[in-house]
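**Q** Taken in sequence, the protein lines are chains A and B.
Okay, so the first sequence: first residue is 1 according to the UniProt record's numbering, each after it adds one.
Okay, so the second sequence: first residue is 1 according to the UniProt record's numbering, each after it adds one.
If you scroll down you'll find the structure; I have some questions about it.
Number of protein chains: 2
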Amino acid sequence: MAAPLTLAQLNAASPDEAVALLDGLYEHSPWIAREALAQRPFASLAQFKHAMTRVLAQASHEAQLALVRAHPELAGKAMVDKNLTAESTNEQNKAGLTQCTAAEFEKIHQLNRDYNAKFGFPFILAVRGPRGLGLQKAEIIATFERRLQGHPDFELAECLRNIHRIAEIRLNDKFGITPTLGNQVWDWQEVLSQHTDPGYAELGQLTVTYLTDAHRACAKAISKDMQESGCDTVHIDAVGNVVGRYKGTGANPRALMTGSHYDTVRNGGKYDGRLGIYVPLACVHALSVQGKRLPFDLEIVAFAEEEGQRYKATFLGSGALTGDFNPAWLDQVDAQGISMREAMQHAGLCVDDIPALKRQAEDYLGFVEVHIEQGPVLNELDIPLGIVTSINASVRFQGEIIGMASHAGTTPMDRRRDAAAAVAELMLFVEQRAAADGDSVGTVGILQVPNGSINVVPGRCIFSLDLRAPRDAQRDRLASDVLAALQSICEKRGVHHALQETMRASAAPSAPEWQQRWEDAVRTLGVPLHRMPSGAGHDAMKLHEIMPQAMLFVRGLNSGISHNPLESTTSDDMQLATEAFELLLAQLAEEAAH
Amino acid sequence: MAAPLTLAQLNAASPDEAVALLDGLYEHSPWIAREALAQRPFASLAQFKHAMTRVLAQASHEAQLALVRAHPELAGKAMVDKNLTAESTNEQNKAGLTQCTAAEFEKIHQLNRDYNAKFGFPFILAVRGPRGLGLQKAEIIATFERRLQGHPDFELAECLRNIHRIAEIRLNDKFGITPTLGNQVWDWQEVLSQHTDPGYAELGQLTVTYLTDAHRACAKAISKDMQESGCDTVHIDAVGNVVGRYKGTGANPRALMTGSHYDTVRNGGKYDGRLGIYVPLACVHALSVQGKRLPFDLEIVAFAEEEGQRYKATFLGSGALTGDFNPAWLDQVDAQGISMREAMQHAGLCVDDIPALKRQAEDYLGFVEVHIEQGPVLNELDIPLGIVTSINASVRFQGEIIGMASHAGTTPMDRRRDAAAAVAELMLFVEQRAAADGDSVGTVGILQVPNGSINVVPGRCIFSLDLRAPRDAQRDRLASDVLAALQSICEKRGVHHALQETMRASAAPSAPEWQQRWEDAVRTLGVPLHRMPSGAGHDAMKLHEIMPQAMLFVRGLNSGISHNPLESTTSDDMQLATEAFELLLAQLAEEAAH
Numbered sequence: 001m002a003a004p005l006t007l008a009q010l011n012a013a014s015p016d017e018a019v020a021l022l023d024g025l026y027e028h029s030p031w032i033a034r035e036a037l038a039q040r041p042f043a044s045l046a047q048f049k050h051a052m053t054r055v056l057a058q059a060s061h062e063a064q065l066a067l068v069r070a071h072p073e074l075a076g077k078a079m080v081d082k083n084l085t086a087e088s089t090n091e092q093n094k095a096g097l098t099q100c101t102a103a104e105f106e107k108i109h110q111l112n113r114d115y116n117a118k119f120g121f122p123f124i125l126a127v128r129g130p131r132g133l134g135l136q137k138a139e140i141i142a143t144f145e146r147r148l149q150g151h152p153d154f155e156l157a158e159c160l161r162n163i164h165r166i167a168e169i170r171l172n173d174k175f176g177i178t179p180t181l182g183n184q185v186w187d188w189q190e191v192l193s194q195h196t197d198p199g200y201a202e203l204g205q206l207t208v209t210y211l212t213d214a215h216r217a218c219a220k221a222i223s224k225d226m227q228e229s230g231c232d233t234v235h236i237d238a239v240g241n242v243v244g245r246y247k248g249t250g251a252n253p254r255a256l257m258t259g260s261h262y263d264t265v266r267n268g269g270k271y272d273g274r275l276g277i278y279v280p281l282a283c284v285h286a287l288s289v290q291g292k293r294l295p296f297d298l299e300i301v302a303f304a305e306e307e308g309q310r311y312k313a314t315f316l317g318s319g320a321l322t323g324d325f326n327p328a329w330l331d332q333v334d335a336q337g338i339s340m341r342e343a344m345q346h347a348g349l350c351v352d353d354i355p356a357l358k359r360q361a362e363d364y365l366g367f368v369e370v371h372i373e374q375g376p377v378l379n380e381l382d383i384p385l386g387i388v389t390s391i392n393a394s395v396r397f398q399g400e401i402i403g404m405a406s407h408a409g410t411t412p413m414d415r416r417r418d419a420a421a422a423v424a425e426l427m428l429f430v431e432q433r434a435a436a437d438g439d440s441v442g443t444v445g446i447l448q449v450p451n452g453s454i455n456v457v458p459g460r461c462i463f464s465l466d467l468r469a470p471r472d473a474q475r476d477r478l479a480s481d482v483l484a485a486l487q488s489i490c491e492k493r494g495v496h497h498a499l500q501e502t503m504r505a506s507a508a509p510s511a512p513e514w515q516q517r518w519e520d521a522v523r524t525l526g527v528p529l530h531r532m533p534s535g536a537g538h539d540a541m542k543l544h545e546i547m548p549q550a551m552l553f554v555r556g557l558n559s560g561i562s563h564n565p566l567e568s569t570t571s572d573d574m575q576l577a578t579e580a581f582e583l584l585l586a587q588l589a590e591e592a593a594h
Numbered sequence: 001m002a003a004p005l006t007l008a009q010l011n012a013a014s015p016d017e018a019v020a021l022l023d024g025l026y027e028h029s030p031w032i033a034r035e036a037l038a039q040r041p042f043a044s045l046a047q048f049k050h051a052m053t054r055v056l057a058q059a060s061h062e063a064q065l066a067l068v069r070a071h072p073e074l075a076g077k078a079m080v081d082k083n084l085t086a087e088s089t090n091e092q093n094k095a096g097l098t099q100c101t102a103a104e105f106e107k108i109h110q111l112n113r114d115y116n117a118k119f120g121f122p123f124i125l126a127v128r129g130p131r132g133l134g135l136q137k138a139e140i141i142a143t144f145e146r147r148l149q150g151h152p153d154f155e156l157a158e159c160l161r162n163i164h165r166i167a168e169i170r171l172n173d174k175f176g177i178t179p180t181l182g183n184q185v186w187d188w189q190e191v192l193s194q195h196t197d198p199g200y201a202e203l204g205q206l207t208v209t210y211l212t213d214a215h216r217a218c219a220k221a222i223s224k225d226m227q228e229s230g231c232d233t234v235h236i237d238a239v240g241n242v243v244g245r246y247k248g249t250g251a252n253p254r255a256l257m258t259g260s261h262y263d264t265v266r267n268g269g270k271y272d273g274r275l276g277i278y279v280p281l282a283c284v285h286a287l288s289v290q291g292k293r294l295p296f297d298l299e300i301v302a303f304a305e306e307e308g309q310r311y312k313a314t315f316l317g318s319g320a321l322t323g324d325f326n327p328a329w330l331d332q333v334d335a336q337g338i339s340m341r342e343a344m345q346h347a348g349l350c351v352d353d354i355p356a357l358k359r360q361a362e363d364y365l366g367f368v369e370v371h372i373e374q375g376p377v378l379n380e381l382d383i384p385l386g387i388v389t390s391i392n393a394s395v396r397f398q399g400e401i402i403g404m405a406s407h408a409g410t411t412p413m414d415r416r417r418d419a420a421a422a423v424a425e426l427m428l429f430v431e432q433r434a435a436a437d438g439d440s441v442g443t444v445g446i447l448q449v450p451n452g453s454i455n456v457v458p459g460r461c462i463f464s465l466d467l468r469a470p471r472d473a474q475r476d477r478l479a480s481d482v483l484a485a486l487q488s489i490c491e492k493r494g495v496h497h498a499l500q501e502t503m504r505a506s507a508a509p510s511a512p513e514w515q516q517r518w519e520d521a522v523r524t525l526g527v528p529l530h531r532m533p534s535g536a537g538h539d540a541m542k543l544h545e546i547m548p549q550a551m552l553f554v555r556g557l558n559s560g561i562s563h564n565p566l567e568s569t570t571s572d573d574m575q576l577a578t579e580a581f582e583l584l585l586a587q588l589a590e591e592a593a594h
């Protein structure tokens, strides 16, 4: 095996030499590396990878299609006939595809036929998987089946993204790079995902809700991980948060708090929340191994509850730290009739100690949180990390338009009071109004004509409204325009409406100096900078109430799908997130030194 | 009591005299009659009534409001204090409102307060009722509660229509007119409505489905009504149609067929179908009393089944006459598991005799059908009768748009594949495209995001499409444009769709010479002529396959609501329909004589 490539070598080589060094990166398509190499020198491998994704994004549709079509079918004829490139053979081997049963072969072949017939190009999946250990055959087949249902434009993009992922893995091989920190974060999460609530393990589903046996097993596992990584103190607090502290030199009496939640939604993913516990823990581990101390304490909190699945008490873990634990929650019961109070007693938690969990702002520098994006933006832009500018403000409504049910055949168009058509008009208004802001979102997620009949003009239509924007004032303008449109649509159409506000949350804009630290870290990594609001709520929203905060997003694969077992990211991206966190710590340490 | 007014008197009187003759017609508002009188002479009372409705329709909003406000509250303070006009006192007396219990008074007073608070004018209802016999107190309260939910514009129009109805009843009193034929038709339908399927009587609901006990009781009652009205032969045929024949002189060997259905939808109205049986029967009765014979036989068919409620076999009754009875229907089972074959055996019907029911075109002059409009058009135009130009062609689809479900907070507007927004866009297209035709209609009656969540961008949305137009080609252009829009919306939005055609029916345009006969009859009555397509299907659609046909519509009250217990019309309008039928018969007789 040749000696690993270096970035210096790649930057110094002649174009032809450089292309030769990168041979096999994109299947039968050296032109991608060649065009990207024109932008040398590269400060980082991340920058070079991103340059190649841009080359392909700007290529013609035909060139993109040709690249996809240059790939072999998964477990296809080329594999059986041993006509694959060396790289493909290796990858399909590692995925176990060369050891398929006859039934598995037939299933995959049928999927290949159907996919090719539908889209006109082969199905591409980076079978060496996010961590490079190889996806399971069952995972491959499940992903194949899901993507067969996709839209042609979307599937082409999905194939291209998988091709980039394949190239990334091949590039790591060439450079002899192993994303050690990322792999560690990956492994911790993989092990933690073995704990799941009763009834879900059998289904192969991950579900960890507040204070179940699986939840308490997670707390123990995280405690152990924290201890083994070098945290000086680790404890489980009165609401079940696992709190690890890596002591500093004492130069700065204020601590940096970080963390995220370890509970999950039902049938959720392995990274939502947990990534924000293990990325900083990997940093502590590295510091500890090197015997380094920061000038301040680092407090990592694994929040016990954020998702509001077992009880209707979201942000319970972070809320306890801001003094927002509502004692009325204790009397809530779960689906089995077990009250939260009983669940806490069963877990050995002392309710009386909860008020004392409240943190004092003067004890902290601030709060930072790493989280998987849970959206498609970074994935589509081929950018691994995102700078969160604000956690969006939101407001929700449940609504109904009441018109006049009438005969679909006998009621002329100009004499209708169609409740559903009025909602349709509102929906399109919401869509264009939110889009006009650029960074607002508006969704009608619930929509129904109750007891609708094919031959009856709808007399009623129920709908929901979910409106979000990075700032409260922007959200309020959005909501006010939408409500005004609802009013005028109803007046124009001679229908009326009922509307009830069901939720309102303020925005949590990132503290500028903390956002800047993330930006500096990402820039130092040579990763393209992308600022974005967070559409979803996060624990940082609660901490925002008492201290400055800023979040870092990590790209999610599969279009950023989340609250779903297909939620995924790569150990390369986790590696970058961990390196960004290390850079942020280093910068803070330097600031403390001055 | 003064001698009844005559139209000649009214036409001859000076304006002031004429206004004095009509004193009390519109509550405290003689200006309406005064303005209408400027159009004298009137050929008919119907023409004069229509002129008054036009005066009010063209009056200012303020003048309309003032008229409504000139009316007393229902069972209100004015009644209790005996400050009503003589006419109002009489009407509220007849409705039993002066004998309300304390609880009923309180209920009505609360409704009056709520209604006035919401709309700013009193609730007006013609309490002497459609037939002038007085609505029941319970009916009044139910109507009041329903209208309290209405839209302000609609309610003002509804009050004005009720004021016209009050004026019509008062005008009949002044002219000493009793709509004898209309009352007879009213009474027959009232008596027939006493038969209802098990479980519905207790609810006060009218439901008569194919071959139930109630259905067979109806057949017997109609047979008896036909015999007593002078039909020469009456029999129940092999599918349960009741067929009465009033023999002619034999001058023309071809018969005129007429009729409609006597089955109902669940919780339906008293007039849908049945009006078309009893209007011609009233004519037979009048002819029989006078000992008159037409030069042709008149065959009145009370069709056993049209609504497709118990079995999925609509137009079974009229279909049997056109040879379209499908033997496969016999094996259909109802909700209780009773097959149609069993139901027919139980009813004593002989399945083997069904094919012989098929009529031969050469035996008939044609088919005419009277039917309540089941729509709002005539009611809004204040026109009692409508000339049907065509029974609309229709096509129905069940559809689904498949997009990509994603997080409502984290998916930017420009990265969504929102299935429901795509349907919304289609709905607005259907609405404007159908409206552009003027006489096409398009409806999305079923609309649902399955398992929709407030915070999830809809990944799926199911919908129905019902498209109708007076001509097949127009329906086809409409459908083709809608499907093209669906295609282009899906392409633009990156979503895809599934669509299934579930029904397609050809248009049944009225035979020109038969439509002309209805027009001549209506013109002779001095009733304004209004031509309109029928959006709903009718038995005439089936007979259309073998003989010329044309329909006459009768105005429905309550915005033409149908398939609902609130379906209603007036005995004055039924009187006009019967007179129109008599005129059509007379004209046919005259044609036969030449």
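Ideal placement from N, C-alpha and C gives every residue a C-beta, glycine not left out.
1) Using only the alpha-carbon positions, how far apart do A:Gln398 and A:Glu373 sit?
2) How about A:Cys461: is its C-beta nearer than 9 Å to some C-beta of chain E?
3) For the structure I just gave you, are there three or more beta carbon pairs, one from the segment 397-412 of chain B and one from the segment 555-570 of chain A, closer than 8 Å?
4) Can you give me the Cβ contacts of B:Thr6 inside the same chain, cut-off strictly under 8 Å, excluding the 5 residues immediately before and after it?
5) With distances taken from CA atoms, which of A:Thr578, A:Asp572, A:Ala592 is nearest A:Leu287?
6) CA-CA distance, A:Asn183 and A:Ala498?
7) For B:Cys461, does the three-state DSSP call read helix, strand or coil?
8) Three-state secondary structure (DSSP) at B:Met257?
9) Under DSSP, the beta strand (DSSP E) around A:Pro4 begins and ends at which residues?
10) Pair every Cβ in the segment 72-89 of chain B with every Cβ in the segment 30-49 of chain B, then say whether three or more of these pairs are closer than 8 Å.
11) Would you give the residue range spanned by the beta strand (DSSP E) that B:Ser390 belongs to?
12) Do you know how far the Cα of B:Glu425 is from the Cα of B:Ala126?
13) Taking the beta strand (DSSP E) that A:Tyr364 falls in, what are its first and last residues?
14) Starting from A:Asp466, follow its DSSP beta bridges and name the residues at the other end.
15) So, helix, strand or coil for A:Gln332, using DSSP?
16) Quick check on B:Met427: buried or exposed, where buried means 16 or more other Cβ atoms within 10 Å of its Cβ?
17) My parser needs the alpha helix (DSSP H) runs of 4 or more residues fully inside the segment 296-354 of chain B; what are they?
18) Have a look at B:Gln448 and B:Arg69 and give me their C-alpha separation to the nearest angstrom.
19) For B:Met427, return the contacting residues in chain A, with the cut-off set at a CB-CB distance below 8 Å.
20) Suppose the cutoff is 6 Å on Cβ atoms and the five residues either side in sequence are ignored; what does the same chain contact list for B:Asp481 look like?
21) Would you say B:Ser440 and B:Arg468 are within 9 Å of each other, going by their C-beta atoms?
22) Give the interface partners of A:Glu431 over in chain B, defined as CB-CB distance under 7 Å, in chain order.
23) In terms of DSSP beta bridges, what is B:Ile236 paired with?
24) Take A:Glu362 as the anchor and find which of A:Ala255, A:Tyr115, A:Asp418 has the nearest alpha-carbon.
25) To which residues of the same chain is A:His28 closer than 7 Å at the C-beta, ignoring the five residues directly before and after it?
**A** Judging by the given coordinates:
1) 27 Å
2) In the displayed structure, chain E is absent; the protein chains listed are A and B.
3) yes
4) Phe175
5) A:Thr578
6) 52 Å
7) strand
8) strand
9) Per DSSP, A:Pro4 belongs to no beta strand (DSSP E) and is neither H nor E.
10) no
11) 385-391
12) 42 Å
13) 364-372
14) A:Arg396, A:Thr443
15) coil
16) buried
17) 316-321, 340-346
18) 42 Å
19) Ala420, Ala421, Ala424
20) Arg433
21) yes
22) Met413, Ala421
23) B:Val242
24) A:Ala255
25) Ala70
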